[in-house]
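Heads up, the thing below is written out as structure tokens.
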Amino acid sequence: MASKKSQKAASVERDDSAAKRGKAEGRYEYMGERWLQRPAPDSNLKYKYYGYMVTAIAFAVRFHKLYHPSEVVFDEVHFGKFASYYLERTYFFDVHPPFSKMLIAFVGWLVGYDGAFKFDDIGYSYETHQVPYIAYRSLSAILGTLTVPLVFSILRELNFKAITCAFGALLVAVDNAHVIDSRLILLDATLVISVALSIYTYIRFYKAQLRAPLSSEWYFWLYATGLSLSFVISTKYVGVFTFAMIGTAVIVNLWQLLDVRAGLSLRMFFRHFVQRFNGLVCFPFAVYLFWFYVHFAILTKSGPGDDFMSSAFQETLADSPLAKDSKDVHYYDIVTFQHRDTGALLHSHNAYYPLRYEDGRVSSQGQQVTGYSHEDINNQWEILPTKELSSRTGQPVLLDDVLRLRHIATGTYLLTHDVASPYYPTNEEVTTISEELANGERYKQTLFKLQPPNKKDGGHTVKSKTSMFRMFHVDTAVALWTHNDVFLPEWGFKQQEVNGNKKVTDPANIWTVNSILNLSEERKVYIPKKVTKMPFFSKWLELQRSMFEHNNKLSSEHPFASQPESWPGSLSGVSFWTNDTERRQIYFTGNIIGWWIELISLALFVGILLADAITRQRSFFVLGKLAREKIYGPLCFLYIGWAIHYFPFFLMGRQKFLHHYLPAHLIAAMFTAGLWEVIFTDNRALTTRKDESEPAAPHNTNPIVYEYFLLAFLGLLSIAVVGFFIYFSPIVYGDRTLTPEEVIKRQWFDIKLHFAK
1 MASKKSQKAA SVERDDSAAK RGKAEGRYEY MGERWLQRPA PDSNLKYKYY GYMVTAIAFA
61 VRFHKLYHPS EVVFDEVHFG KFASYYLERT YFFDVHPPFS KMLIAFVGWL VGYDGAFKFD
121 DIGYSYETHQ VPYIAYRSLS AILGTLTVPL VFSILRELNF KAITCAFGAL LVAVDNAHVI
181 DSRLILLDAT LVISVALSIY TYIRFYKAQL RAPLSSEWYF WLYATGLSLS FVISTKYVGV
241 FTFAMIGTAV IVNLWQLLDV RAGLSLRMFF RHFVQRFNGL VCFPFAVYLF WFYVHFAILT
301 KSGPGDDFMS SAFQETLADS PLAKDSKDVH YYDIVTFQHR DTGALLHSHN AYYPLRYEDG
361 RVSSQGQQVT GYSHEDINNQ WEILPTKELS SRTGQPVLLD DVLRLRHIAT GTYLLTHDVA
421 SPYYPTNEEV TTISEELANG ERYKQTLFKL QPPNKKDGGH TVKSKTSMFR MFHVDTAVAL
481 WTHNDVFLPE WGFKQQEVNG NKKVTDPANI WTVNSILNLS EERKVYIPKK VTKMPFFSKW
541 LELQRSMFEH NNKLSSEHPF ASQPESWPGS LSGVSFWTND TERRQIYFTG NIIGWWIELI
601 SLALFVGILL ADAITRQRSF FVLGKLAREK IYGPLCFLYI GWAIHYFPFF LMGRQKFLHH
661 YLPAHLIAAM FTAGLWEVIF TDNRALTTRK DESEPAAPHN TNPIVYEYFL LAFLGLLSIA
721 VVGFFIYFSP IVYGDRTLTP EEVIKRQWFD IKLHFAK
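Mind the numbering: the sequence shown is residues 1 to 757 in the UniProt record's numbering, read in order.
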């Protein structure tokens with residue numbers, strides 16, 4: 001009875017005309033189907049042997065001297081600090097999603113750490129402050145180690161031989177860049193294993209699709225892929241490239257399912273589409289949102305991230321020590337203003353702009369207004385109203401108020417006018433004028449509005465430390481801005497230029513009131529604020545805007561920033577840590593031998609595709625059916641994945657570093673191993689005059705792999721890759737002092753090491 005019902009259901013879901021056509025033309029084949037469904041080319045024992053071997057190597061190189069150095073290294077400054085903020089439940093701001101940072105904090109919570117140490121600078125001692133840094137680093141080392149057997153398993157699922165799987169895994173296991181990043185308190189180990197997990201689970205899903213679509217196994221791997229993708233996008237937003245890689249494969253598969261020869265009714269095709277959309281889009285997005293929900297639930301106290309959020313958002317946070325110092329700003333308060341991005345204080349002094357600048361432009365010779373990073377009497381300004389108040393005391397300053405600022409030390413008034421600034425001819429000079437002029441003919445030029453970044457905040461009371469605003473000049477419609485990429489010359493005492501930025505909505509125009517200097521005793525008394533609520537999606541959307549805004553602003557120069565064209569060959573690197581006393585260093589660079597093998601392989605593959613296309617255009621069919629299945633199935637899948645994770649960086653204007661290439665490198669390593677197995681296989685067609693891709697065409701079902709040649713070739717490459725890692729290990733671990741001569745010998749390409757003299 002059950003059998004009859006299933007037959008009836010099948011007849012409903014299948015297009016009869018398509019079924020007849022498929023039968024007439026031969027069974028419809030999906031991309032890579034024959035290759036992926038072949039029996040494994042090696043015994044299970046051989047796979048286990050090679051898998052355990054590369055995993056042991058990965059474990060050894062990642063956990064070797066994990067305790068060294070016992071100091072803050074490179075971006076541990078950021079991600080260790082964020083873990084401490086989580087443990088203290090103090091709100092902070094970062095451009096990356098929260099998943100991996102919460103994972104690090106979870107380790108701290110497990111070992112009972114309180115987050116007291118804030119990882120303030122590279123070189124700060126962990127042992128002095130009793131930080132559980134080995135536990136933190138162990139998380140990255142474990143994830144980095146597990147990535148290697150995952151790479152092995154991906155190649156195994158793609159039906160490559162055990163030696164091929166081992167070589168691909170070894171390229172990651174002893175890669176200098178992967179090892180360094182998976183020994184430190186960073187996000188990259190989580191990102192890379194999530195990318196690998198996404199690829200692995202999708203391959204398992206695709207194979208389940210070939211065997212038993214819409215089965216329980218099929219659903220399991222579909223949602224496992226979605227979960228893996230959520231981990232990627234919840235760690236860094238470059239995870240969108242992994243979505244694009246898997247999405248491309250899904251679209252190709254759906255296109256094949258839509259083919260009438262596949263025999264699916266439109267209703268059945270729509271079901272396939274909806275299930276994939278739910279599993280690979282809706283489900284990952286829900287998990288991604290969940291991590292933000294947890295993020296907001298943990299960070300309930302006011303903290304250093306307040307400045308990046310609106311007043312309404314800040315009102316949802318309980319007072320922290322920082323917020324307790326925050327006071328309502330009143331008219332006639334004497335205050336200091338701080339620029340959010342550079343930390344400089346608005347400053348003026350009894351010195352003047354030169355009449356002519358070096359480029360011949362003329363100034364107003366007015367009193368200088370600059371940005372100064374230290375406390376000084378010349379940072380003090382009095383806030384004056386533009387209308388009569390009922391009292392000189394207790395009158396709050398509101399966002400969107402128009403006011404004037406009097407410089408305390410010189411008694412002059414702040415203004416900006418239509419004169420070019422020292423460094424930006426398109427921006428306005430900021431200066432001060434005497435009280436007589438300020439209250440007379442130039443009164444309008446002294447009017448400024450404290451304009452909130454979020455219009456909804458208009459009318460809220462300005463609070464020191466926490467309220468953000470633009471100092472908008474009413475008369476000329478510019479906003480005060482300062483920068484620290486270049487400092488003023490000697491006449492400006494090497495301080496920061498302050499100018500009127502015509503791009504008013506530029507996020508870099510944000511200021512805060514840093515301190516109030518004439519607070520009465522009554523106002524110094526702390527009054528706990530009332531915490532309000534804000535809908536989750538309102539908080540999430542506001543945070544997203546701020547994250548993307550500031551991520552795009554990461555465009556200033558950095559001594560170790562690099563361009564994408566240099567990454568595949570690992571032509572340069574990044575200095576992570578130095579010890580001047582012992583002349584030791586950790587320098588981030590790839591395993592150059594391995595990376596160049598991959599680069600050559602990627603280029604060679606393009607040549608193979610072109611040669612195949614040209615010969616087939618002339619009806620000369622060189623490659624056999626299974627060879628083309630491998631090339632246009634697994635290898636193209638990996639090659640496209642590498643390209644998707646690499647080429648978009650050419651379009652980005654933000655700072656770029658070599659570690660951005662690690663996900664692409666991971667895929668390139670797998671691709672390279674697979675390509676060389678294909679090269680060392682007898683890929684010839686039975687005849688060059690007949691296309692074996694045609695239905696029912698005879699073809700070689702078991703092409704010979706020249707295993708001894710493959711083993712010898714990959715063995716030699718492995719020795720070279722391992723040899724390079726060992727040779728460069730002193731700058732991977734920073735545990736050995738090199739002589740200047742030894743340092744110079746390791747300065748390959750554009751690698752610039754310390755202590756070469």
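By construction, the Cβ of each residue, glycine as well, lies at the ideal position given by its N, Cα and C atoms.
Grab me the residues of residue i's own chain with a C-beta within less than 6 angstroms of its C-beta, minus the 5 sequence neighbours each way, in chain order.
i                 : result
glutamine 445     : Leu415, His417, Asp475
glutamine 275     : none
tyrosine 124      : Val72
residue 809       : No statement about residue 809 is possible, as the shown extent of the chain runs from 1 to 757 and does not include it.
valine 419        : Ser364, Glu429
tyrosine 288      : Ser230, Ile233, Ser234
arginine 14       : With a pLDDT of only 42 at arginine 14, under the threshold of 50, the placement of this residue in the model should not be trusted, and no figure is reported.
phenylalanine 292 : Trp540
Ordered along the chain, which non-local residues of its own chain (more than five positions away) have a Cβ less than 7 angstroms from that of residue i?
i             : result
leucine 87    : Ala105, Gly108, Trp109, Tyr113, Asp114, Gly115
serine 11     : Here the model assigns serine 11 a pLDDT of 36, short of 50, so the residue's position is not dependable, and the following value carries that caveat. Within the same chain, serine 11 has no close Cβ partners at all.
aspartate 691 : Phe621, Ala697
glutamate 25  : Because the pLDDT at glutamate 25 is just 47, under 50, the model does not fix this residue reliably, and the point stays unresolved.
leucine 447   : Thr386, Val402, Arg404, Val474, Asp475
aspartate 328 : Pro396, Thr461, Lys463
With a threshold of 16 other CB atoms inside 10 Å of the CB of residue i, please say whether the residue is buried or exposed.
i                 : result
arginine 628      : buried
glutamine 209     : buried
tryptophan 255    : exposed
proline 559       : exposed
residue 769       : Any question about residue 769 goes unanswered here, given that the chain covers just 1 to 757.
asparagine 501    : buried
lysine 48         : exposed
glutamate 582     : exposed
histidine 699     : buried
histidine 330     : buried
phenylalanine 205 : buried
tyrosine 727      : exposed
asparagine 350    : exposed
cysteine 282      : exposed
alanine 477       : exposed
valine 548        : Correcting the residue identity first, residue 548 is phenylalanine in this sequence and not valine. Result: exposed.
Using alpha carbons as the reference points, say which of the options lies closest to residue i.
i             : options                        : result
valine 486    : Leu710, Leu541, Gly371, Leu210 : Gly371
valine 250    : Gly573, Pro695, Gly641         : Gly641
threonine 201 : Ile180, Ser228, Leu184         : Ser228
aspartate 376 : Leu384, Tyr352, Pro354, Ile408 : Ile408
alanine 318   : Thr90, Phe576, Ser70, Phe724   : Thr90
glutamine 544 : Asp580, Phe63, Asp94, Phe74    : Asp94
Determine whether the beta carbon atoms of residue i and residue j lie at a separation below 8 angstroms.
i                 : j                 : result
phenylalanine 313 : phenylalanine 231 : no
valine 732        : asparagine 378    : no
tyrosine 136      : isoleucine 185    : yes
tyrosine 632      : methionine 31     : yes
phenylalanine 92  : phenylalanine 79  : no
leucine 753       : glutamine 747     : yes
leucine 635       : leucine 675       : yes
Which same chain residues end up closer than 8 angstroms to residue i when comparing Cβ atoms and leaving out the 5 residues on each side of it in sequence?
i                 : result
valine 369        : Leu346, His347, Ser348, Leu414, Val430, Thr431, Thr432, Val498
phenylalanine 469 : Leu399, Leu450, Gln451, Pro452, Pro453, Val462, Ile510, Trp511, Thr512
phenylalanine 725 : Val61, Val174, Asp175, Asn176, Val179, Asn591, Val732
phenylalanine 749 : Gly569, Ser570, Leu571, Ser572, Ile592
phenylalanine 241 : Ile644, His645, Pro648, Pro663
Assuming residue i and residue j are in contact, meaning their beta carbons sit under 8 angstroms apart, how far apart are those beta carbons, in whole angstroms?
i                 : j                 : result
glycine 303       : tyrosine 85       : 6 angstroms
valine 172        : alanine 669       : 5 angstroms
leucine 450       : leucine 403       : 7 angstroms
residue 812       : glycine 343       : As shown, the chain starts at 1 and ends at 757. That puts residue 812 outside it, with no answer to give.
valine 192        : threonine 55      : Actually they do not touch by this definition, with Cβ atoms about 16 angstroms apart.
glutamate 441     : glycine 411       : Incorrect: roughly 18 angstroms between the Cβ atoms, too far for contact.
phenylalanine 166 : methionine 53     : The identity of residue 166 in the sequence shown is alanine, whereas the question assumes phenylalanine. Right, the Cβ-Cβ distance comes to about 7 angstroms (below 8 angstroms), so this counts as a contact.
arginine 684      : glycine 624       : 6 angstroms
glycine 51        : phenylalanine 152 : 5 angstroms
lysine 301        : histidine 96      : That pair is no contact at about 21 angstroms.
aspartate 333     : isoleucine 383    : 5 angstroms
Taking Cβ positions only, does residue i come closer than 8 angstroms to chain B?
i             : result
aspartate 401 : Judged by its chain identifiers, the structure shown contains no chain B, having just a single protein chain.
Within 7 angstroms: the Cβ of residue i and any heavy atom of the ligand NAD?
i           : result
tyrosine 47 : The ligand content of the structure shown is nil, which means the ligand NAD is not present either.
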